[in-house]
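I have placed the structure first, in the form of structure tokens, so that the comments after it can refer back to it.
Residue numbers (the numbering used here): 11 to 537.
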């Protein structure tokens with residue numbers, strides 16, 4: 011989606027399909043509705059009065075930790091390497107100092123270029139060439155269209171005090187003619203995805219030779235999506251004097267390598283991830299036996315009275331379509347969102363979500379990046395993410411700007427290792443929940459502690475009393491909960507196959523007296 015925004019009062023021009031990202035819903039800074047904000051905390055960062063006024067008018071009271079550190083450093087002209095989780099306010103952390111740069115430059119230009127009274131402008135100044143490429147001062151690269159639109163909306167909001175500060179989004183899925191018309195207005199700010207931006211550069215529509223500031227937003231995601239070559243080509247078209255700000259949820263070897271090539275003696279800023287950042291989001295995991303069990307459980311959860319709106323994440327685009335269709339058949343107002351949808355359809359879906367005509371959005375990871383809808387109270391991981399860091403991005407769609415939220419993951423026991431990776435990345439365990447009437451037959455443990463003794467052989471007490479191991483193949487071994495208890499006269503422990511002979515139950519359930527037994531040699535129907 012491409013839109014041009016002018017920030018002079020009464021002179022805003024936004025393409026109709028771009029209106030789904032309301033400035034009032036931006037999550038970048040803490041908002042205290044019952045407090046009359048003064049803006050002193052933002053003024054202390056070195057921001058101009060007109061920028062502070064725009065923040066105060068929007069109801070923002072104080073900067074977030076990443077803004078407190080990044081804004082002054084960026085205003086001073088330093089390159090930045092920022093590791094900050096989603097929802098921490100990083101968009102304002104780079105947009106505010108960029109707008110401050112424009113404010114200072116405009117003030118200087120106004121003082122130097124004010125003509126004497128009665129002096130006519132030179133003929134060369136009055137005549138403008140028929141076409142000249144856009145030469146932005148700020149370029150923000152983002153991995154997805156939705157995130158680009160969120161950044162553009164932030165630019166509009168924070169720059170309201172500057173006369174006609176133009177921002178254009180350069181994205182795939184939007185007609186070239188529409189984008190060319192917007193680029194012809196010579197925007198100061200470009201927000202772009204790498205592919206479409208390169209198209210315009212190669213066609214001579216955009217010239218980055220005068221770029222002052224380059225921002226790579228969610229750089230880790232852009233590298234994961236294979237944009238490294240595009241990024242290198244774009245950077246090569248910029249002047250070496252530019253200021254570069256790189257933001258990433260994680261700093262790994264790939265990001266470190268990119269940093270060495272792009273940044274000049276950067277200030278490194280790291281904002282803590284994990285439990286402290288997500289304390290307002292109630293997280294849990296529900297184990298499921300199969301897809302049918304998962305579908306029944308999800309339908310039950312969507313009927314929770316505390317649920318306002320929800321996003322459900324799937325691994326594939328086809329799953330998003332199928333699940334959205336099934337939920338619609340069940341009576342839920344649902345819609346799918348993924349990269350195969352035309353941009354117009356994606357915009358309509360997001361508008362419907364924001365206008366509460368869609369209650370349940372079924373989405374893939376890339377398509378949902380940047381979505382900020384206040385009514386989203388629940389996030390469901392129908393499929394676990396491929397990368398642990400994507401878990402943080404997913405659950406960050408709820409609990410925005412200090413609100414509370416709920417994040418529930420539905421996982422099969424075979425995904426226990428994926429759950430462990432998420433726990434290691436977030437530095438916190440995922441609490442396991444069980445809903446009465448939807449109990450799984452098998453519940454693996456994911457804490458990494460030993461789950462039982464060794465597999466017993468011959469007449470010994472094979473297997474330990476802990477959960478999850480084979481108790482023994484022969485003899486009178488006593489099975490620990492959650493594993494095979496034994497194959498002969500062993501006594502079944504809770505939670506797994508109890509045994510196959512005279513004393514054993516089969517599936518033992520939650521205790522030695524519960525569960526489905528496999529009948530053999532005296533085993534009962536209920537073990």
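Here a beta-carbon is modelled for each residue, glycine too, at the ideal position from N, C-alpha and C.
- For residue 269, the enclosing alpha helix (DSSP H) stretches over residues 263–272.
- With respect to the 8 Å criterion, residue 156 and residue 381 are classified as neighbours on the basis of their beta carbons.
- Using a Cβ distance threshold of 8 Å, residue 454 and residue 426 count as a contacting pair.
- For residue 100, same chain residues with a beta-carbon under 6 Å away, outside a window of 5 residues either side, are 76, 94 and 257 in chain order.
- Taking 8 Å as the cut-off, the Cβ atoms of residue 322 and residue 168 do not count as close.
- The three-state secondary structure of residue 313, taken from DSSP, is coil.
- Here residue 405 really is in contact with residue 417; their C-beta atoms are around 4 Å apart, less than 8 Å.
- Measuring C-alpha to C-alpha distances from residue 92 to each of 86, 141 and 104 identifies 104 as the nearest.
- According to the DSSP assignment, residue 253 belongs to the beta strand (DSSP E) that extends over 253–258.
- Put simply, the segment 384–404 touches the segment 314–330. At least three CB pairs are less than 8 Å apart.
- Here DSSP, grouped into helix, strand and coil, assigns residue 406 to coil.
- Assignment of residue 342 by DSSP, reduced to helix, strand and coil, places it in the coil class.
- Counting only runs of 3 or more residues that sit fully inside the segment 159–197, the beta strand (DSSP E) segments are 177–180, in chain order.
- Residue range 375–378 is occupied by the alpha helix (DSSP H) that includes residue 378.
- In the three-state scheme derived from DSSP, where H, G and I count as helix and E and B as strand, residue 360 is classed as helix.
- Only residues of its own chain outside the window of five on either side were considered, and among them 180 have a CB closer than 6 Å to the CB of residue 207, listed in chain order.
- The beta carbons of residue 102 and residue 277 sit no closer together than 8 Å.
- Restricted to the segment 77–110, the beta strand (DSSP E) segments that are unbroken, complete and at least 3 residues in length are 90–93, listed in chain order.
- Going by DSSP, residue 205 is part of the alpha helix (DSSP H) stretching over 204–212.
- Inclusion of residue 154 and residue 379 in the CB contact set at 8 Å is warranted, their separation being smaller than that value.
- Here the alpha carbon of residue 334 sits roughly 45 Å from the alpha carbon of residue 57.
- Following the DSSP letters along the chain, one finds residue 62 inside the alpha helix (DSSP H) bounded by residues 59–67.
- Contact check for residue 302 against residue 265 fails: the beta carbons are separated by 8 Å or more.
- The segment 228–243 makes no contact with the segment 65–74; the number of CB pairs closer than 8 Å stays below 3.
- In the three-state scheme derived from DSSP, where H, G and I count as helix and E and B as strand, residue 223 is classed as strand.
- A distance below 8 Å between beta-carbons, with the five flanking residues on each side excluded, links residue 307 to the following residues of its chain, in chain order: 296, 298, 420, 445 and 448.
- Residue state for residue 394 is assigned as coil, using DSSP reduced to three classes.
- Taking a 10 Å sphere around the C-beta of residue 313, we find fewer than 16 other C-beta atoms and assign the residue as exposed.
- Within its own chain, the residues whose Cβ lies closer than 6 Å to the Cβ of residue 274, once the five positions on either side in sequence are excluded, are 89, listed in chain order.
- Residue state for residue 236 is assigned as coil, using DSSP reduced to three classes.
- Secondary structure of residue 436 (DSSP, three-state): helix.
- With distances taken between CA atoms, residue 437 lies nearest to 398 out of 341, 423, 398 and 414.
- Cβ-Cβ separation between residue 216 and residue 409: approximately 37 Å, too far for a contact (criterion under 8 Å).
- Residue 388 is bridged by DSSP to 320 and 416.
- Between residue 148 and residue 108, the C-beta spacing is below 8 Å.
- Residue environment: residue 114 is assigned as exposed (fewer than 16 neighbouring CB atoms within 10 Å of its CB, all protein chains considered).
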